[in-house]
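Report on the structure given below.
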Amino acid sequence: SISGLSVCWLFTYVTSMLTLEASWLACTQNDEEESGENTGGGFLSLSKMALGVPGEVITASLFWFLLTAIVVAYTAEGGQLIAQVAKEVTDTTTISPTVGSLLFASCFASFAIAGTSRVDIINRVFVLGLVATFIGIVMQISASISVSNLSHADWSAVYPAGISIGILSFGAQNVVPTILQYLNYDPEKTQKAILLGSLIPLFLYTIWELVFLGIIDVSTADSNSMEVISILGKIGGTTVTDLVELFSICAIGSIQHGWCISVSC
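Convert by adding 11 to the 1-based position in the sequence shown; the result is the number in our numbering.
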């Protein structure tokens, strides 16, 4: 599985660098043709440069459909989490998932309207919460890791399911033009940001693979009924369950910021 993660990371990094190169090329062409300042460089500029106006229209339609579908999916899950947390914290307040989704969407819409710089600050808070809760979960369950469980290998599970999910988990190509714009169209800084930004999740995913696979006895586990939260709850109790919920909120919040900025740009 770690080999599969490495392949997914390499694919994401290479395609992100290709996206950066194309975005930078579009910026330089806009610079020569228009105001003398670096502008554009997004996917619409790329599609117009390569395919003309019809290609730009088609790309815009497909891009909006994809991002809107993803935002809707995260909003629905965020609404479920808000409703669940409200019930657990107050013991009396009941919020329907629909209302929770409206609150979730309203909150992140206001963040997106505030602009990329404001979103960056808020996103750092979510990332810090993500890292803190991740460390807490690992520390709580690390004592239950068995090295013998890590000796099991099943290459048939890597492809296609593992690779496809891994590529989706690492996927960040959609925000490359936004990062380039945010860093004042500096390609060298953007390259470093892409490299560091992709290595961090690779490191965290690797740690998570070692921890989670280390606590699962494959010989007795039922893959059809294996749920992460229930397994972690049995091992670490309510503390781990609460940390997993906080981790989920921070993860969805961090990811949602990226997608919202992509839609707004």
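Glycine included, C-beta positions come from ideal geometry on N, C-alpha and C.
Item, Value
"Alpha carbon of Val-136 to alpha carbon of Val-100, nearest angstrom", "21 Å"
"Cα-Cα separation, Ser-107 to Phe-115", "12 Å"
"Pro-188 classed as buried or exposed, judged by whether at least 16 other C-beta atoms fall within 10 angstroms", "buried"
"Reference Met-150; option with closest CA among Ala-183, Gln-40 and Val-251", "Val-251"
"Three-state secondary structure (DSSP) of Thr-105", "coil"
"Three-state secondary structure assigned by DSSP to Asn-195", "coil"
"Closest Cα partner of Ala-97 within the set Gly-111, Glu-199, Ser-167 and Val-169", "Gly-111"
"Ser-34 vs Leu-62 beta-carbon contact at 9 Å", "no"
"Rounded straight-line distance, which links the Cα of Ile-146 to that of Thr-70", "40 Å"
"Length of the line joining the Cα atoms of Asn-195 and Glu-32", "15 Å"
"The segment 72-92 / the segment 212-228 touching (three or more Cβ pairs under 8 Å)", "no"
"Nearest-angstrom Cα separation, counted from Leu-243 out to Ser-121", "34 Å"
"Coil, strand or helix - Ser-58 by DSSP", "helix"
"Cβ neighbours of Leu-206 in the same chain (closer than 8 Å, five flanking residues each side left out)", "Tyr-24"
"As assigned by DSSP and simplified to three states, the class of Gly-147", "helix"
"Tyr-170 and Gly-53 closer than 9 Å at C-beta", "no"
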